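**Student:**
In the working numbering, the protein residues as written are 203 to 353.
1) Under 8 Å by Cβ, that's how I've got residue 329 and residue 344 pegged, so tell me the actual separation to the nearest angstrom.
2) Just the C-alpha distance for residue 346 and residue 268, rounded to the nearest angstrom, thanks.
3) Among 264, 220 and 247, which has the Cα closest to the Cα of residue 236?
4) Rounded to whole angstroms, how far is the Cβ of residue 352 from the Cβ of residue 282, which I believe are closer than 8 Å?
5) Given that a residue counts as buried once 16 or more other Cβ atoms are within 10 Å of its Cβ, and exposed if not, what is residue 312?
6) In three-state DSSP terms, what is residue 297?
7) Output needed for residue 323: all residues of its chain with C-beta closer than 8 Å, excluding positions within five of it in sequence on either side, in chain order.
8) Residue 223 lies in the beta strand (DSSP E); which residues open and close that run?
9) Tell me where the beta strand (DSSP E) around residue 330 begins and ends.
10) If you draw a straight line from the alpha carbon of residue 297 to that of residue 320, how long is it in whole angstroms?
Spelled out as C-alpha cells, the structure:
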C-alpha cells in the first residue's frame, strides 16, 4: 500500500491531531520528495501576527518523517525511527500559505542500506524549507533521524 497525501492526512487526524487541527496538510509525496502546506489562521497564530513556530515545525517534520516512513515500508523490514535532534532558522514572518518541502529521499535510502549492512543504528539529517506564496523562504528546519533495524 503506497503512502499518499490523503493517507497521510488521515494519519494526522488520528495520530497527530494537533497538526491536523492547526491546518497541516500533506500535498505531495513520491520516492524523493514530500510537500506539506499550512495556512496562517487564528488557531495557529502567535502574538506577533504570524504562524507559531511549533506549527511550522510540525509541518516541516512531517515532510521528512513521511519520507522516512515511505522508505522503511519499501525496505520490507522492521526499522525504528526517531528524531534525535533538530534545529531551525526563521527568516521572515510566516503569514498566508506556507509550503514545506523535503527533497532528500536518496539520503534516507543510503542510511537504511547502511543500517541493514552494519546492523547498527544510523542517523541522517534531513532538511525542510518553508516557502510562502511569493516564493520567499520563511523558515528552514533540519531534523536528525535515527534509524535502526529491529531484530
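Beta carbons: idealized from backbone N, C-alpha and C, even for Gly.
Only a predicted model underlies this, so the values are computations on that prediction, with no experimental measurement involved.
**Tutor:** On the basis of the coordinates in this document:
1) Within the chain shown, the letter at position 127 stands for residue 329. Within the chain shown, the letter at position 142 stands for residue 344. Contact between residue 329 and residue 344 is confirmed by a C-beta separation of about 5 Å, below the 8 Å threshold.
2) Taking the first residue of the chain shown as 1, we reach residue 346 at position 144. Taking the first residue of the chain shown as 1, we reach residue 268 at position 66. For residue 346 and residue 268, the distance between alpha carbons rounds to 14 Å.
3) Counted from its first residue, the chain shown places residue 236 at position 34. The shortest Cα separation from residue 236 among 264, 220 and 247 belongs to 264.
4) Stepping through the chain shown from its first residue, residue 352 is reached at position 150. Stepping through the chain shown from its first residue, residue 282 is reached at position 80. Right, the Cβ-Cβ distance comes to about 6 Å (below 8 Å), so this counts as a contact.
5) Your numbering for residue 312 matches position 110 in the chain shown. Residue 312 should be labelled exposed.
6) Residue 297 sits at position 95 when you count from the first residue of the chain shown. It is coil, neither helix nor strand.
7) Residue mapping note: residue 323 aligns to position 121 of the chain shown, counting from 1. Contacts found: 317, 348, 349 and 350.
8) Position 21 of the chain shown holds residue 223. First-last for residue 223: 219-223, but that is the alpha helix (DSSP H), not the beta strand (DSSP E).
9) Along the chain shown, one-based indexing puts residue 330 at 128. First-last of the beta strand (DSSP E) with residue 330: 324-333.
10) Position 95 of the chain shown holds residue 297. Position 118 of the chain shown holds residue 320. Rounded to the nearest angstrom, the two C-alpha atoms are 45 Å apart.
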